[in-house]
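Shown next, in structure tokens, is the structure this report addresses.
As structure tokens, this is what we get:
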């Protein structure tokens, strides 16, 4: 397999990466043929998956603007993925130029391109870190340098928790992050589920199997199990709903049935 000139040494291009597959779904170019092959297998079973991704990004934008409108200007985006137009840092800085954004991802391609996109400004940083090891993030010099610990933070866990298996204790990791944040902080989550998938569940399960085969299992959790990630925080209305149903900018903003797959919500720390 020929290595693209932009692929840094040490990056494994022999195995698909969910971050690079996500980039492909959104029409990006920072992916390899191995990622595209795996993504096409998924798309053959879930052809509307890019609509799911777009609905999730629209939810992110609304949630970030919601946070900024309530005076939350510190954003911790874990599992950021490869930067794309209209990402968290762009939305946050547009909503409030004084915003501070810390992005974290374990994929080296995402980290490399994230750092290049953010540059060396004082308002944002991108670190290599794993959600399963929250102290990597909380104890990082970037966290200390960007954030005022006495002010609220918007913790963004977007399309990442469904790639953490129960054996890796995602609930414990999220609880440690929640507990480290000041009162008034927000937790913003979207999560995959079989709910709303407009194909037979057996067909959707075969798409999930593709992720298991590439050693990046996709964990489809129920609404009740997803709600546990918000424990200790008060749910913001309308609660845990399909992404287009969370405070849409306009009625019937999104009508594609795939967009209503999974759940999204925001919680607030009292």
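In the working numbering, the protein residues as written are -16 to 253.
For every residue, glycine included, the Cβ atom is placed at its ideal position computed from N, Cα and C.
Fair warning: this is a prediction, and the values are worked out from it, not measured in the lab.
Sub-8 Å separation of residue i and residue j beta-carbons
| i | j | result |
| --- | --- | --- |
| residue 121 | residue 87 | no |
| residue 177 | residue 184 | yes |
| residue 174 | residue 204 | yes |
| residue 169 | residue 52 | no |
| residue 25 | residue 193 | yes |
| residue 172 | residue 201 | no |
| residue 224 | residue 249 | no |
| residue -1 | residue 209 | no |
| residue 165 | residue 132 | yes |
| residue 29 | residue 190 | yes |
| residue 234 | residue 228 | no |
| residue 253 | residue 217 | yes |
Residue i - DSSP class collapsed to helix/strand/coil
| i | result |
| --- | --- |
| residue 39 | helix |
| residue 84 | strand |
| residue 58 | strand |
| residue 106 | coil |
| residue 111 | strand |
| residue 121 | helix |
| residue 97 | helix |
| residue 67 | coil |
| residue 2 | helix |
| residue 189 | helix |
| residue 92 | helix |
| residue 74 | helix |
| residue 195 | helix |
Close Cβ partners of residue i (< 6 Å) along its chain, the five nearest in sequence each way excluded
| i | result |
| --- | --- |
| residue 15 | -4 |
| residue 31 | 241 |
| residue 230 | 45 |
| residue 144 | 153 and 174 |
7 Å Cβ shell around residue i - same chain, five flanking residues per side excluded
| i | result |
| --- | --- |
| residue 22 | 4, 7 and 8 |
| residue 199 | 1 and 146 |
| residue 18 | -1, 0, 3, 4 and 7 |
| residue 42 | 173, 226, 229 and 247 |
| residue 76 | 82 and 106 |
| residue 239 | 31 and 34 |
Cβ neighbours of residue i in the same chain (closer than 8 Å, five flanking residues each side left out)
| i | result |
| --- | --- |
| residue 83 | 56, 57, 58, 106, 107, 129 and 130 |
| residue 112 | 61, 87, 88, 89, 119, 120 and 123 |
| residue 156 | 114, 115, 116, 117 and 147 |
| residue 48 | 74 and 78 |
| residue 159 | 117, 118 and 121 |
| residue 206 | 176, 178, 223 and 246 |
| residue 125 | 85, 108 and 110 |
| residue 69 | 40 and 44 |
| residue 152 | 115 |
| residue 138 | 59, 61, 160, 161, 164, 168, 169, 170 and 171 |
| residue 135 | 54, 55, 57, 164, 165, 166, 167, 168, 169 and 252 |
| residue 272 | Outside the shown range of the chain (-16 to 253) lies residue 272, about which nothing can therefore be said. |
Could you name each continuous beta strand (DSSP E) segment of 3 residues or more that falls completely within the region 127 to 177, going from the start of the chain to the end? Counting only runs of 3 or more, we get 137 to 141 and 169 to 174.
Do the region 93 to 105 and the region 58 to 65 meet, that is, are 3 or more Cβ pairs less than 8 Å apart? yes
Runs of beta strand (DSSP E) wholly within the region 197 to 252 (minimum 3 residues, chain order): 246 to 251
Are the region 32 to 42 and the region 241 to 250 touching, with three or more C-beta to C-beta distances below 8 Å? yes
What are the uninterrupted segments assigned as beta strand (DSSP E) that are 3 or more residues long and contained completely in the region 4 to 48, given in chain order? none
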